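A.B. asks:
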Amino acid sequence: MASRSISTCTTETAKGIHRFEILSYSMMNTEAEDDSIRSGVFNVGGFDWALLYYPDGIDDDSKGYIGVYLELISKNGEPWALVDVNLINQLQPGQPRQLFTKTDVPTPFRSSSFQESTLGSLKCMKRSDIESTPGFIVNDCIVIECNVTVIYEPKVSKTRALCEAETSSALREIEVPPMEISSDFAKMLKDGVGADVTFRVGEDTFRAHRAVLAARSPVFHAQLCGPMKEKKETQMQEITIQDMQPSVFEAFLYFIYTDCVPRMDDLGNGEKMHLMMHLLKAGDRYGLERLRIMCERFLATNLDTEHVSAILGLADLLDLKKLKEACMEFMVPSERMDAVAASQGYQQLKRAFPSLAFEVWERRSRVRRN
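Following this line, the structure appears as structure tokens:
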């Protein structure tokens, strides 16, 4: 019998996302030295990169357009990368955005020349189109997002002998299906089969399973299985939830069963922010660290002038230092602070957290002095 052997080739990747905020957009026509502005340097896959922003082209052909290039800053190495550069619609997070540059196959970058170290265009989009499209400019700021995927050199494993079972054609046809535990638990929650706990939230009731709740939340574990336990396990226990809306509790239960936040495609931006703020409080209250961090990250990356004050107050209340710092960094630029100060949320912040509002203005004053 002929001998059989096998070796495998694998290609690893490293992904990164950089957001470049252009403040005072209307003031940046041709004022920049060499007609371009370079973003802060960011690292993806062990290589340093930056975005080059051209606010009004460089010649008659590109005048009236903004240009954006991804630039390789590292002097050593010749990475191959997939690139996706977009202009973000700030009023519709997650909605379709304006595509500037996208590669469908890996592209080589070399630092030997500008042409070989960059990828992009001087004519990404007309300034007039940007200025006439709602959401691209908010408080005189545009946001460019760059996705970079660095493709590493393929690695080939050592050759090894194949056992008889591995050469079987029948074995190759046996495919393991994807995990379905999240969808199974979601179905169990929806059907309510075997539920032994009832939650009363306002006028609504929700049925759940004691074992799932106790396994997922240390607070529920103490309430349902520890000294706080009120009834025998054979009885249907009813728990009243205070200070939480039914829609928020429904999403909270969904996360407990699936480890995912429900889809929010049918919600407006304000509704999404409202839900995630309340889920953040629920995650903190019931000891669900992953939920808390997911909500914290969502809020930090989707800040706007209308909701940032409420998020800042919540971050301070829950002692979430990273979220608080993100809010501060978002608020202090003068281009945004005027809109923030005029919002209802900021007026509520001044009344509820006067010392925190003072901290914002103190931070802004330091930035302006520097």
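Position 180, counted from 1, in the sequence shown is what this note's numbering calls 248; the numbers after and before it change by one each time, with no gaps. Quick reminder that beta carbons are idealized off the backbone N, C-alpha and C, glycines included. Since the model is a prediction, treat every value here as computed from it, not as a measurement.
With a cut-off of 8 Å on the beta carbons, I'd call S285 and G355 a contact; round off their distance for me.
C.D. replies: 6 Å
A.B. asks: Within the same chain, show all residues whose beta-carbon is closer than 7 Å to that of T79, passing over the 5 residues directly before and after it, in chain order.
C.D. replies: I219, Y220 and P222
A.B. asks: Distance, Cα to Cα, V428 vs V151?
C.D. replies: Each residue's Cα considered, the two are about 37 Å apart.
A.B. asks: Find the nearest neighbour of D252 within the set C209, D327 and R228, judged by alpha-carbon distance.
C.D. replies: D327
A.B. asks: Closest to T175 by CA distance: which of F421, L167, Q166 and G188 is it?
C.D. replies: G188
A.B. asks: How is G135 classed by DSSP in three states: helix, strand or coil?
C.D. replies: strand
A.B. asks: Can you tell me the Cα-Cα spacing of V112 and V216, whole angstroms?
C.D. replies: 7 Å
A.B. asks: Excluding the five sequence neighbours on either side, which residues of its own chain have a C-beta within less than 8 Å of the C-beta of R331, listed in chain order?
C.D. replies: Within its own chain, no residue has a Cβ closer than 8 Å to the Cβ of R331 once the five positions on either side in sequence are excluded.
A.B. asks: May I ask you to report which of helix, strand or coil DSSP gives F115?
C.D. replies: strand
A.B. asks: Considering only heavy atoms of the ligand GTP, does any lie closer than 6 Å to the CB of F323?
C.D. replies: As presented, the structure is devoid of all ligands, the ligand GTP included, so that no description of it is given.
A.B. asks: Starting from the N-terminal side, write out each stretch of the alpha helix (DSSP H) that is 4 residues or longer and does not extend beyond the region 182-238.
C.D. replies: 182-185 and 195-200
A.B. asks: Taking only runs that begin and end inside the region 237-320, name each unbroken beta strand (DSSP E) of 3 or more residues, in chain order.
C.D. replies: 265-269, 272-276 and 305-308
A.B. asks: Whole angstroms is fine: what's the gap from A279's alpha carbon to R268's?
C.D. replies: 18 Å
A.B. asks: Would you kindly work out how many angstroms separate the C-alpha atoms of T103 and Y122, rounded to a whole number?
C.D. replies: Residue 103 is actually Asp in this sequence, not Thr. CA-CA distance, D103 to Y122, rounds to 6 Å.
A.B. asks: Under 7 Å, do Y325 and A254 count as touching if we go by C-beta distance?
C.D. replies: yes
A.B. asks: Tell whether a beta-carbon distance below 7 Å holds between C395 and V376.
C.D. replies: Result yes, Cβ atoms of C395 and V376 sit closer than 7 Å.
A.B. asks: Alpha carbon to alpha carbon, what distance is there between I379 and E393?
C.D. replies: 11 Å
A.B. asks: When we look at the beta-carbon of A149 and count the other beta-carbons within 10 Å, is it buried (16 or more) or exposed?
C.D. replies: buried
A.B. asks: In terms of residue numbering, what span does the alpha helix (DSSP H) encompassing E403 cover?
C.D. replies: S402 to A409
A.B. asks: Let's test the definition: count the other Cβ atoms within 10 Å of the Cβ of R404 and tell me whether it reaches 16, buried, or not, exposed.
C.D. replies: It counts as buried.
A.B. asks: Distance, Cα to Cα, L167 vs N154?
C.D. replies: 5 Å
A.B. asks: Just confirm the distance between the C-beta atoms of C214 and L119, as a whole number of angstroms; I'd bet it's less than 8 Å.
C.D. replies: 6 Å
A.B. asks: First and last residue of the alpha helix (DSSP H) that includes F366?
C.D. replies: E357 to T369
A.B. asks: Among S411, R275 and E199, which one has its Cα closest to the Cα of S94?
C.D. replies: Out of S411, R275 and E199, E199 has the C-alpha closest to the C-alpha of S94.
A.B. asks: Go ahead and label E101 buried or exposed: buried means 16 or more other beta carbons lie within 10 angstroms of its beta carbon, across all protein chains shown.
C.D. replies: Here the model assigns E101 a pLDDT of 46, short of 50, so the residue's position is not dependable and the matter cannot be decided.
A.B. asks: Could you compute how far the alpha carbon of Q158 sits from the alpha carbon of G203?
C.D. replies: Using only the alpha carbons, I get a separation of about 5 Å.
A.B. asks: Are the Cβ atoms of T186 and Y133 separated by less than 7 Å?
C.D. replies: no
A.B. asks: Using DSSP bridges, identify the partner residues of T175.
C.D. replies: A149
A.B. asks: Would you kindly check if the distance between the Cβ of A368 and the Cβ of L391 is under 7 Å?
C.D. replies: yes
A.B. asks: For the putative contact between G381 and A420, defined by C-beta atoms under 8 Å, what is the C-beta separation to the nearest angstrom?
C.D. replies: Right, their Cβ atoms sit about 6 Å apart.
A.B. asks: Provide the residue(s) that pair with F110 in DSSP beta bridges, ordered along the chain.
C.D. replies: W117
A.B. asks: Report the residue ranges of all alpha helix (DSSP H) runs contained in full by the region 369-396; include only those spanning at least 4 residues, in chain order.
C.D. replies: Correct list: 376-385.
A.B. asks: What does the alpha-carbon distance come out to for the pair V329 and S71?
C.D. replies: 52 Å
A.B. asks: Of the residues H277, D272 and Q291, which one's Cα is nearest the Cα of P314?
C.D. replies: D272
A.B. asks: How long is the line joining the alpha carbons of H277 and I307, rounded to whole angstroms?
C.D. replies: A direct Cα-Cα distance of roughly 12 Å separates H277 from I307.
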